[in-house]
Structure formats: structure tokens, C-alpha cells
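Keeping their order, the protein sequence lines are chains A and B. Using our numbering, the first residue of the first sequence is number 1, and each one after it goes up by one. Using our numbering, the first residue of the second sequence is number 502, and each one after it goes up by one. Yeah, the Cβ is synthetic: ideal placement off N, Cα and C, and Gly gets one too. Note that the structure is a prediction, hence the values are computed from the model and not measured. Notes to accompany the following structure.
Protein chains: 2
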Amino acid sequence: MGAKYDALKAHLADVENLNHAQGLLNWDQQTQMPPGGAPARAAQVATLARIAHEMFTSDETAKMLDDADAEIAGMPYDSDEASLVRVVRQDYEDLVKLPSDLVAELTRATSMAHEVWAKAREDNHFRTFQPSLEKIVDLTVQVAEHLGFQDQPYDALVDQYERGITTARIKEIFDAHKPALVALIAAIQARSDRVSDAVLHQEFDVDQQRAFSVEVVQALGYDFNRGRIDVAVHPFATSFSRNDVRITTRFNARWLNPALFGSIHEAGHAMYEQNVGEALEGTPLGAGTSLGVHESQSRMWENMIGRSKGFWCWAFPRLQTIFPAQFGRVDLDTFYRAINKVQPSFIRVEADEATYNLHIMLRFELESEMTAGKIRIGDLPEEWNDRFEAFFGITPPSDSLGVLQDVHWSMGLIGYFPTYALGNLLAAQYYQKAIQARPSIPDDIAQGKFDTLRTWLTENIHQHGRKFTSDELTRRVTGEPIQSRDYIHYLQTKFAEIYGL
Amino acid sequence: MGAKYDALKAHLADVENLNHAQGLLNWDQQTQMPPGGAPARAAQVATLARIAHEMFTSDETAKMLDDADAEIAGMPYDSDEASLVRVVRQDYEDLVKLPSDLVAELTRATSMAHEVWAKAREDNHFRTFQPSLEKIVDLTVQVAEHLGFQDQPYDALVDQYERGITTARIKEIFDAHKPALVALIAAIQARSDRVSDAVLHQEFDVDQQRAFSVEVVQALGYDFNRGRIDVAVHPFATSFSRNDVRITTRFNARWLNPALFGSIHEAGHAMYEQNVGEALEGTPLGAGTSLGVHESQSRMWENMIGRSKGFWCWAFPRLQTIFPAQFGRVDLDTFYRAINKVQPSFIRVEADEATYNLHIMLRFELESEMTAGKIRIGDLPEEWNDRFEAFFGITPPSDSLGVLQDVHWSMGLIGYFPTYALGNLLAAQYYQKAIQARPSIPDDIAQGKFDTLRTWLTENIHQHGRKFTSDELTRRVTGEPIQSRDYIHYLQTKFAEIYGL
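Below you can see the structure in the form of C-alpha cells.
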């Protein structure tokens, strides 16, 4: 390309490098850092965030964007060049509204809050975390006010994670499938004795769990030459380049699910990042496009593949070899039903596919109300528990199993939760299309051949990075916007078979 | 302090945060990063280095230094304030001479060269590394030319690591003790059959080695709440704050020394950083003052403590408990003699105390000549081997055991090696003073009580951080400049006893 476009790319590469360095500081804090390092780390993250923000929101960026835009005039909408300028301009117009001091203050507050939250959760003591959360919500609402919104601050927050979406649109999508979920769960509850997950609650050596998780995610296509797996309190995937995408997991020596399905989930995120087009490496387009689309990848691999009968036709004999005492006399069907047991429970990340979106709807209500000033932070534990009772018919016995369970708020991620539910819906839409396009996918999976699906995902979704918004991508791939029809159909079919509904 | 001084401190804190972030990127690259991450990491490190360099060498820094200087006029020489302005001004005057592009190019070249060197060493193939090294030496000589020097480029390079020293002064110090070393080694060689180190070459479970290393460095005073230990090809210590100082080591399942003495060595570096005065945290003074002084700490703990009879009076029974099959029937004296066996060998980091400084003198010759253009990089393997033969009477059988053994050149650290030998001399000088001031130190060590020495070191050396130069500090602590008398006396006394000279 021309000199102006190249200058823009070089400038943006510096910002990307600062952001990725900050990403490494965060990864290290959650996986490696000794406890004493927290205050200095907060200061380091704050400096990097501030400098990156200043560089990106400088007048120089605006000038470079204009110059590059003129230079690439006429390039197609979906070209790398037009996409870069278009997407970066939108990022710029958002971020330029945020004062550097506010960004730095929020970064510092969240970096400090992480340890406070972890301790509060450990001690089951919300009041310890409350001042941190009050500060974070206050700063986040300030962010929303700077970004601007139509109806309420929460609109601006969700737009950060899923561009173009609003509180009202999310409510509409949630309202459209909540009744079907509630009905499905009620029907299952009436037959809850049909499925037991007892086989998953046995002693499982952690090193063996690790070995099996590694084998599985490697088979799915996660590339360890460009990644690694570590332990974190709240597992996540993070990318410093398409060639260095790391996942984290956590082990429970008496329960197979967290490490196994958690690893597959994070590998789903990571494969998205590892398969972004090489030409986008080092540019702001070199990452997943939205959190909802990201979650569609993790949830597809975790649930639509990882909790399917076909997958375990291939994987179960391997699991039996690794844990002969635990599974030697368990049949595939019993295991398949166990990993698909539906039961209202307290912890979102451990929720089954049928109840999961209800956990999100709860958080969506609370977040939109607390950022609108309708709920005081001090009242959150009570609000959480009351609504949880209304949604699920059970009350969390402790804040650690309730309002304190998620890391997100300590990280300033308010408005992020809805994307998990949107991801479930998108996963069903995309998977439906993938099977239409490549009908051998289910059979291939049953034979441990995952590249039929993975290459379809790479061609249709991964390679594009951030070139298209979630909505643009979804229409390109499926011909329609996000909808809950496919997801509800998927759940009803699957659980009708398992529970004999 | 006043507003001008505080503004300077805040500005410098940003630079420190960038430097520490870069430190983490390097630590990660050497201990955690998947291989695919190298190119992106090089770009990230280059961006951070360039921005830190630009911020520090900006006119703003000069202005802030002048303003703060005026504000703190009259503060004592050894006050934190006067020291900060004085030391930073010196750093500034050096760095301002270096063009940002050259710094970035060197950072990028060394970041890429690391993997190349590691592979070349693994493959025993110098030619693979040669182009990287040629580039690094070329860039380093350019650095020297920008910094300026009296006699030769190497003067400017050694001054970066040991401020105030010159090639001529190092040569003088080396020449002053080389004959005594050579004579000592010859006398020992004549009685080499007196000591066997066979007991160190057995099977040692790596996890057990790790447990013992951790127990030892913790007992010495390395604080794991503010640190951690990892595995690296070339072990090092690194600090991102006095409260996050990490060490690395490497394990050999058939040889005890690398992990054990390597861990003590790095813990010696790390305790220096962990015990820098709290008031200096986050400022450019919050680190060890020079590489020579740093090495005095690591070598003191590794050798003067870790290879002393007294230390093993306490530690050997513990080692016997961990490795009963290997040491159950070995007596303390045999073990003590084994760990002090003197024998010319190829690898510097595995060299004994008597031959160690000769390894440095070899590198000193080669570095000063190759930066003066007197040796071509392509001739280095031959030059290395010829001189090694002259120094030690043996010839390296491979470049991996010769010119490729050290990581330093791949990192652009030319002029660094002499500080290792200076560190040995300083260790003897400081330890001598410590025992004069606290005569119970040897007895305390024999009882596993290390804080008598450590607190003396903290009070006299560690707490000052970078407030004083190596020379200033050495004169304050010992009343004289660096000399080799104490070190030679220490070696002669110790080995006369062991070898019956």
C-alpha cells in the first residue's frame, strides 16, 4: 500500500504492542505473580494503559486516519485496508471521548481490586470488596457518560463489547427465549431423577486431568507451539499475537468438569485468535471481533462439540484409559447423560446449557439497574439472592456462591455478561450453518477429526478478525441477524432425547 | 518534597514502569513463552524500549531535572532527593546521546537473536548465530561511538555496567591477580588427586532438587512472598519492584551443582533487590547500583557462604535427609571438598572459584578486541579456542562448550563480563568487613542463622540502591577502592586447607 496507510499501520502497531504488553502483565498477575507484586503491577498497568490511550487518541491518529482514508479510497468494503481504517476510526471515535485520567484511574482501580475481590471471595465477605466495586461502578458510569448513550448508561457499556447493541435490544432477545428456557427447565426438573452426574464426582488425579485436557484441546486444533496452558482462579484465554495465545484452567481433584470443559471452552476462544488471518497480525484487526462472537466459539466447542454424543464416541475410550478405576465400568451413555445433567445451581461457570442463560439474565438486570443508580452497591448481595431465588427457586448460601463468584466486576467489565448469552445463541446459529455446508461434520467429530469444522470456522469466521461487526458477520454467515430459535431448538432436541420429554 | 521534585519522580515512575514491563516481557520470553511468540515479542519489546527511551531522553526530563535540582538545593549528598537527581542526571546525559532508532534496532536485534543463539548452541553451529552477532557487535560499537570514549569503544561499554571504570583500569586489576591465580591453580593441579567430586555426579530427582533449593534460598532470606523460581536455559534474577523479584535456575538430573549453587547465586542477586530501601521503590534508585556490586552479592552467597564448611554443617544433614541413597554414607568433609574441587573446565557458570576469573579475563580480551575491530566475528570460535588453550591448557571440543556457551552477546551485553570478576573481588572485600563488624557471622551461619550477615548487607549495601556508585559504595563500606588482595587471600587460605598446599 501507500506510504500514508503504512504510516498508520506502524503507528497502530505501537499501540497494539503496548496493549499486548499490558495483556501479558495481566496474564502474569493472574497466573504467575507473587502476591507482593500487586501494587507495583497496578502502577505498571496504569502507565501502559495511559500511554496507549494517549497515543491512540492523539490528534496524530485522526490525521493519519484521514490521510490513509484518502489514499485507499475505492478499496472494497471487505478489503484489509478499508476494514482497518473503518474499524479503527470507530474505535478512535469512542476512545477519544474518554479522558486519559479517567482511563488510568479505572485501570489502577481494577488492577488493585483484583486481589481485594479474590480475598473477599475466599473469606465470603462482600463488605471487603464493596468499596472497590463502588469505585469501579462510579468510574464505569463516568465512562458511559463520556461515551454517550440514548436511554441509559448501560447502553454505552454493552456497546463496548458488542458494537451496535443496546440494552433494549438485549432485553428483547432475552425476553424472546426466557419463557422457552423456563418451560424446558421445568419439564426437565420433573424428570430430574432420569440423570445422575455422580460419575463425574470422583477422585481424579490433577496431573492426569491436565494430561487429558491437553490431549483433547490439541486434538481439537489448539496449537501448543503458539500457546500454553496455566492455572488461574478465574480461567481465561488471552492473546499477545496470533502466534502466542494462552489459555488457563483450574483443577478440582474431585470433579472432572471444571478443568475438562473449562479447557475446551478456553481453547475455543484461543483457536479463534490463533486462526485470525496472518495479514491482520500486529494490526487492531488481528483479534476476535466481539465478545459475543468470541463466546460463540468457546461455547460451540465446549457444548455443541464437547458435550455431544459423537465427541465422546471418540473421547470416552481415551478417558477410560486414563481413569480406569473411575470409568472402566461406566458406559458411554451414562457418561454422556452425566455431563448433560440439568440442574439449577449457584455458579454460572458450572451451569448446564439449559440454565446458563438465566444466570446471564440475572446479571443483565442487576448491571443495568446498578449503572442506572436504581440499586445501591451495598444492597447487591440481597438483590442478588432475592432474584436468584425468583429465577432458580434456590438461594445462594453464601456471597462466595452468589454475588462474589465472578471476577468481571473487579476488572471493570460491566456490560460484558450479556455477550455470554448472545454467544450461546450465535453458536447454535453458526453450527447449524456449518453442518449445512459440511454435512460430514458430526461423523468426522465422532472419529476425532475436528478440522472439518475448524477449517469451516476459520474460513467463515476466524480469518476475518475484527473486519466485520458481530451483526455484519452473522448476516454474512447465516443470512439473518442473531436469533434464539436455533439455540432453543438445539436445547429442546437434545434434552428431549436425554430426559425423554 | 516540593512540587517540582514530585513531578520529576512521577515522570521517572512512568519510565520505570515501562522498563519493568519490558523486564516482564523478557522474563516471560525466557521462562514461559511458547516458541511461536518470538517475532511478536521482539516487536513488543522494541516498542516499549523506544517509548521509554524517548520519554527519558526528552527535553522535558532535562527541564524537570533542572527544576527539581533548584528545588532541592542544599540537601545532603546522600539524601534520597540529591541522589535521585544526581544519578538520574548521569543516566540522562548518557542516554540522551543515543538515537532512539539505534536503541530500538538493538532491542529488536537482540530480542530476535535470543532464539537464534539458543538454537545455534543446541545445534553446536556458530555460523547460524554469526550474522546475529555481527549485527549486535556493529550496533553496540555504534552505541559506544555515540556515548563517547577516551581510548577505545570498549571503555564506553564497560562504563554502562560499572560506572567510572575503563578498559585500562580493568586490565590493571586483572593483571594484578592473574599471576596469583595461575600459581594457585598450578599448585592445586599438582595435587588434583586430593579431591574428588564424584558424589555430586549421581542421580538426583529434579523435584527433590527443587525442594531443597527452595528450602535453602528461603532460609538464606529470599522472600517467596515477593518472588518465585522458574526454569530458564540461562538462569538470571530479575526485578519488577522490590516486592516482585524473580529468580530462575536449571536442573540437571545427574549433577547437583547447577540448580543448587545456581539458585543460591540468583537468590544473592534477588535479596539485594528485595532489600533496597522502601523509599526508593518505583524510582530509578530502586535497584542494585552496578553489576559488579550485584555480582558481589550473588558470589558471596554462592561461594563464601554456600561453599563454606560452616554452611554445610547446617545444610548437609538436610541434604542427607532428602537424598539418603546418595549422601547417607558420605561424610561432611568429603562433600565439602567435592563442592570445592578446582579443575580447569569449559563452562564459565560451572567454574570453581579459583579458575572463574580466568574465564572472565578471556572474554575481556575478546570483547575489547572485537569491539576495537581487531578480531573478526567469523574468527571468534578459533580465537576462543586458541586462547582457551593458552589460559587453561585444554581446548573446547565444541562451540557449544566454547564461544556459544553464554547468552550475553545475544542480548547485546558486551562489556558486562568483567563485572563478574570484579564481583568476586568485591565479595571478598565486603565479606571481610562484615565479619570484622559482626564477628558471630561464621558461627551463626553454621547454625542456619543467616540474618546476621543479611542485615549487615542490607544496612551497608542493599538499602542504598543506586544512590552510590560502585566505587563510592566500596570506599564507604571498606575504606578503600576495589582490590584483589582480599580475594586472593581468601582463595589461598581456603584451598591451602583443602589441598594441603
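Within chain B, partners of A/M370 - CB distance below 7 Å: Per Cβ cutoff of 7 Å: no residues; A/M370 is ~32 Å from chain B at best.
What residue does the beta strand (DSSP E) around A/F240 start on, and which one ends it? For A/F240, the enclosing beta strand (DSSP E) covers residues 237–241.
So, is the C-beta of B/M613 closer than 8 Å to a C-beta in chain A? By this cut-off, B/M613 is not an interface position.
Could you pull out every residue in the same chain whose Cβ sits closer than 7 Å to the Cβ of B/F969, ignoring the five residues on either side in sequence? Cβ neighbours of B/F969 beyond the five flanking positions: T790, R977.
3-residue-minimum beta strand (DSSP E) runs that sit fully inside the region 728–798 of chain B, ordered along the chain: Every unbroken stretch of the beta strand (DSSP E) spanning 3 or more residues and falling wholly within the region 728–798 of chain B is given here in chain order: 730–732, 738–740, 746–750.
Would the beta-carbon of B/G537 fall within 8 Å of that of A/N19? 8 Å or more divides the Cβ of B/G537 from the Cβ of A/N19.
Which of the three DSSP states, helix, strand or coil, is assigned to B/D724? Reduced to three states, the DSSP call for B/D724 is coil.
Since B/I806 contacts B/I946 with CB under 8 Å, what's their CB separation in whole angstroms? Right, the Cβ-Cβ distance comes to about 6 Å (below 8 Å), so this counts as a contact.
Please report the straight-line C-alpha distance between B/V644 and B/E870, rounded to a whole angstrom. In this model, B/V644 and B/E870 are separated by some 16 Å (Cα to Cα).
A/T47 CB to nearest chain B CB: under 8 Å? Taking CB atoms only, A/T47 has a neighbour in chain B less than 8 Å away.
Contact set for A/A219: own chain, Cβ-Cβ below 7 Å, skip 5 residues either direction: Scanning its chain for C-beta atoms nearer than 7 Å, with the 5 sequence neighbours on each side dropped, one finds around A/A219 the residues G448, F450, in chain order.
Go to B/V642, then tell me how far its alpha helix (DSSP H) extends in each direction, as first and last residue. In the DSSP assignment, B/V642 falls within the unbroken alpha helix (DSSP H) covering 627–648.
Residues in its own chain within less than 6 Å of B/D560 by CB, not counting five upstream and five downstream? Within the same chain, no residue comes within 6 Å of B/D560 by CB-CB distance, once the 5 residues on both sides are set aside.
Between which two residues does the alpha helix (DSSP H) holding B/Y1000 run? From DSSP, the alpha helix (DSSP H) with B/Y1000 extends over 986–1000.
DSSP three-state assignment for B/M576, whether helix, strand or coil: Residue state, collapsed to three classes: coil.
How is A/Q32 classed by DSSP in three states: helix, strand or coil? If DSSP states are grouped into helix, strand and coil, A/Q32 belongs with coil.
Drop a sphere of 10 angstroms on the beta-carbon of B/I878, count the other beta-carbons inside from all chains shown, and report buried for 16 or more, exposed for fewer. That one is buried.
Which two residues bound the contiguous alpha helix (DSSP H) that contains A/T455? Unbroken alpha helix (DSSP H) run through A/T455: 451–460.
Per DSSP, what kind of secondary structure is B/K968 in: helix, strand or coil? In the structure shown, B/K968 sits in coil (DSSP, three-state: anything other than H, G, I, E or B).
With a threshold of 8 Å between beta-carbons, can B/M565 be considered close to chain A, or not? Residue-level contact check: B/M565 does not touch chain A, since none of the beta carbons of chain A fall below 8 Å from its beta carbon.
Run down chain B in chain order and give the residues with a C-beta less than 7 Å from the C-beta of A/M33. Under the 7 Å cutoff, chain B gives D745.
Since B/G783 meets chain A, which of its residues come closer than 8 Å, beta carbon to beta carbon? Under the 8 Å cutoff, chain A gives A40, A43.
Starting from the Cα of B/D529, find the closest Cα among A/D66, A/Y154, A/R246 and give me that residue. The shortest CA-to-CA distance from B/D529 to any of A/D66, A/Y154, A/R246 is the one to A/R246.
Closer than 8 Å, CB to CB, is A/G36 near chain B or not? Closer than 8 Å: yes.
Measure the Cβ-Cβ separation of B/L792 and B/Y662 and say whether it is below 8 Å. A contact, by the Cβ cut-off of 8 Å.
7 Å Cβ cut-off: residues of chain A touching B/A522: Going along chain A in sequence order, the residues near B/A522 (Cβ under 7 Å) are A21, L25, Q44, L48.
Closest to B/P919 by CA distance: which of B/V794, B/E572, B/V777, B/L640 is it? Here the closest residue by C-alpha is B/V794.
Spatial neighbours of B/I895 within its chain, please: C-beta separation below 6 Å, excluding the five flanking residues on both sides. Cβ within range, chain order: P845.
If you drop the 5 nearest sequence neighbours on each side, which residues of the same chain put their C-beta closer than 7 Å to that of B/P882? Once the five neighbours on either side are set aside, the close Cβ partners of B/P882 are F627, D900, G903, V904.
Beta carbons nearer than 9 Å to chain A: which residues of the region 704–728 of chain B have them? Those would be D724, F725, N726, R727, G728, in chain order.
Taking B/P785 as the reference, which of B/Y988, B/N744, B/K510, B/E623 has the closest Cα? Of the candidates B/Y988, B/N744, B/K510, B/E623, B/K510 places its Cα closest to the Cα of B/P785.
Where do the N-terminal and C-terminal ends of the alpha helix (DSSP H) with B/G811 fall, by residue? Counting along the chain, the unbroken alpha helix (DSSP H) around B/G811 starts and ends at 810–823.
With 8 Å as the threshold, decide whether the Cβ of B/D529 is near any Cβ in chain A. The Cβ of B/D529 sits closer than 8 Å to at least one Cβ of chain A.
Assign A/P418 to one of three DSSP states: helix, strand, or coil. Correct three-state label for A/P418: helix.
If you follow the alpha helix (DSSP H) that A/R387 is in, where does it begin and where does it stop? Looking at the DSSP string, the run of the alpha helix (DSSP H) that includes A/R387 is 380–392.
Should A/Q436 go down as buried or exposed, given a rule of 16 or more other Cβ atoms within 10 Å for buried? With fewer than 16 other beta carbons inside 10 angstroms of its own, A/Q436 counts as exposed.
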